[in-house]
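Protein chains in written order, with the working numbering: chain A, 1 to 189; chain B, 190 to 378. All residues carry an ideal CB built from backbone N, CA and C; glycine is no exception. Please read these numbers as outputs of a predicted model, since none were measured by experiment.
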């Protein structure tokens, strides 16, 4: 059995600190999604980062090499796919901040997209990790939209996650087992 | 009203040739998907092309410029999203060939993905354009998988599309109105 880096065998949820384990939320989600795929649970993928290619040429081996390109802003959330026949869509972000999540992390296009998916009755949420505490919350799109539609703040306070979010327990292989929470909230069985 | 390039007003389906109108299938699908989004019909997007960045640096203006990168193979199909609450997933390809579609155009990873989505009961299909005739077919994933599972050929003959595929009529704005076909096949209302 392959234990993820930094996790000891005989693991006890209460006594182990995950600090400095060197895993980003993206890394954890990649492992989790791969677990879901390998076990035929869900097919959810991170979309590739949008890159605008300006200059590309063929090298000696006949491969196209990109010589100049720029990162561009995503028009949708980063993750989507299918689970139990349902459309799943989410954005994942980390923050080092201890008291709030800065909304500048979510682009206007992405908010519009989240609104659209919510309207279309897709299962839509955010996964936000507060890296200082190593706490990862799932916040439903409806609660997220409710906050931004009723507040002028440029940040969502940590207390809002405590009150409206769902804490995702970290596990061995399914590092961020968000589908466990999805099952409960959307009552999928 | 903006008529797409090369299409004359007073258009008659039978007499107009679409040859040399300079529109790729990808361009047509982008216009169509944008129409669906703008009219709150469906939220289906092309995934960005996966690119592996090898070297990137900051320029004088503080932007990250990619200096060396390579195209990498996609692990899923290019398009996915949500329509009438359902998960939609498809791959789109053009071929100049007049008598068959070369299967080399669809990677092994993509075939596996199509199989997974079909199993998970997502709405999954291919959109194949035969550019020589300007004919665009929708082929259901089940018919596609049925072909490759029962044939050793490396191509799907054009006749298979005539027999099992659905011809997508070209329109003014919704250039490739594939959802009209999806409605019929999957009986969405």
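{"Query": "So what does DSSP say about residue 290(B), is it helix, strand or coil?", "Result": "strand"}
{"Query": "Please report how far the alpha carbon of residue 264(B) lies from the alpha carbon of residue 278(B), in whole angstroms.", "Result": "13 Å"}
{"Query": "From 343(B), 370(B), 231(B), 247(B), pick the residue whose C-alpha is nearest to that of residue 359(B); which is it?", "Result": "370(B)"}
{"Query": "Ends of the alpha helix (DSSP H) at residue 244(B)?", "Result": "Careful: residue 244(B) lies outside any alpha helix (DSSP H), inside the beta strand (DSSP E) at 240 to 247."}
{"Query": "In the DSSP assignment, find the unbroken beta strand (DSSP E) run with residue 218(B) in it and report its ends.", "Result": "Element bounds for residue 218(B): not the beta strand (DSSP E) but the alpha helix (DSSP H), 214 to 227."}
{"Query": "Would you say the beta carbon of residue 104(A) comes nearer than 8 Å to a heavy atom of the ligand FAD?", "Result": "Although the ligand FAD was asked about, the structure shown includes no ligands whatsoever."}
{"Query": "Does the region 237 to 249 of chain B come within contact of the region 37 to 49 of chain A, defined as at least 3 CB pairs closer than 8 Å?", "Result": "yes"}
{"Query": "Run through DSSP, which three-state label would residue 15(A) get?", "Result": "Its pLDDT being 42, under 50, residue 15(A) is placed unreliably by the model, and the measurement read from it follows with that caveat. In this structure, residue 15(A) counts as coil in the three-state DSSP scheme."}
{"Query": "Please return the same chain residues whose Cβ sits closer than 6 Å to the Cβ of residue 225(B), not counting the five positions on each side in sequence.", "Result": "231"}
{"Query": "What are the start and end residues of each continuous alpha helix (DSSP H) run of 4 or more residues lying completely inside the region 335 to 371 of chain B, in chain order?", "Result": "347 to 353"}
{"Query": "Looking at C-beta atoms only, is the number of pairs between the region 158 to 168 of chain A and the region 104 to 114 of chain A that lie closer than 8 Å three or more?", "Result": "no"}
{"Query": "Is it true that the region 143 to 158 of chain A meets the region 92 to 103 of chain A, where meeting means three or more beta-carbon pairs spaced less than 8 Å apart?", "Result": "yes"}
{"Query": "Starting from the beta carbon of residue 265(B), find every residue of chain A whose beta carbon is closer than 7 Å, and list them in chain order.", "Result": "45"}
{"Query": "Cβ of residue 371(B) less than 9 Å from any chain A Cβ?", "Result": "no"}
{"Query": "Please report the straight-line C-alpha distance between residue 31(A) and residue 172(A), rounded to a whole angstrom.", "Result": "10 Å"}
{"Query": "Could you tell me if residue 365(B) is buried or exposed, where buried requires 16 or more neighbouring beta carbons within 10 angstroms of its beta carbon?", "Result": "buried"}
{"Query": "Closest Cβ-Cβ distance between residue 305(B) and chain A: below 9 Å?", "Result": "yes"}
{"Query": "Do residue 258(B) and residue 268(B) have their CB atoms nearer than 9 Å?", "Result": "no"}
{"Query": "Output the distance between the C-alpha atoms of residue 326(B) and residue 126(A), rounded to the nearest integer angstrom.", "Result": "37 Å"}
{"Query": "From what residue to what residue does the alpha helix (DSSP H) around residue 114(A) run?", "Result": "108 to 119"}
{"Query": "For residue 95(A), report the span of its beta strand (DSSP E) as first-last.", "Result": "86 to 95"}
{"Query": "Compile a chain-ordered list of the residues in the region 294 to 323 of chain B whose CB is closer than 9 Å to at least one CB of chain A.", "Result": "302, 305, 306, 308, 309, 310, 311"}
{"Query": "Whole angstroms are fine: how far does the CA of residue 159(A) sit from the CA of residue 122(A)?", "Result": "26 Å"}
{"Query": "Which residues bound the beta strand (DSSP E) around residue 232(B)?", "Result": "231 to 235"}
{"Query": "Residues of chain A with CB under 9 Å from residue 259(B), in chain order?", "Result": "63, 64, 65, 66"}
{"Query": "Comparing alpha-carbon positions, which option in 304(B), 321(B), 319(B) lies nearest residue 313(B)?", "Result": "304(B)"}
{"Query": "Just curious, the beta strand (DSSP E) that residue 81(A) is in, first and last residue?", "Result": "79 to 83"}
{"Query": "Is the beta carbon of residue 306(B) closer than 9 Å to that of residue 271(B)?", "Result": "no"}
{"Query": "So is residue 201(B) in contact with chain A if we call contact Cβ pairs under 9 Å?", "Result": "Its pLDDT being 41, under 50, residue 201(B) is placed unreliably in this model, and the value from its coordinates should be taken loosely. Judged by the 9 Å Cβ criterion, residue 201(B) is not in contact with chain A."}
{"Query": "Tell me where the beta strand (DSSP E) around residue 70(A) begins and ends.", "Result": "64 to 71"}
{"Query": "Between residue 27(A) and chain B, is the shortest Cβ-Cβ distance under 9 Å, so that the two count as touching?", "Result": "no"}
{"Query": "Is residue 102(A) close to chain B, meaning its C-beta is less than 9 Å from at least one C-beta of that chain?", "Result": "no"}
{"Query": "Less than 9 Å between the beta carbons of residue 140(A) and residue 185(A), yes or no?", "Result": "yes"}
{"Query": "Under 8 Å by Cβ, that's how I've got residue 309(B) and residue 85(A) pegged, so tell me the actual separation to the nearest angstrom.", "Result": "6 Å"}
{"Query": "Determine whether the Cβ of residue 177(A) lies closer than 9 Å to any Cβ atom of chain B.", "Result": "no"}
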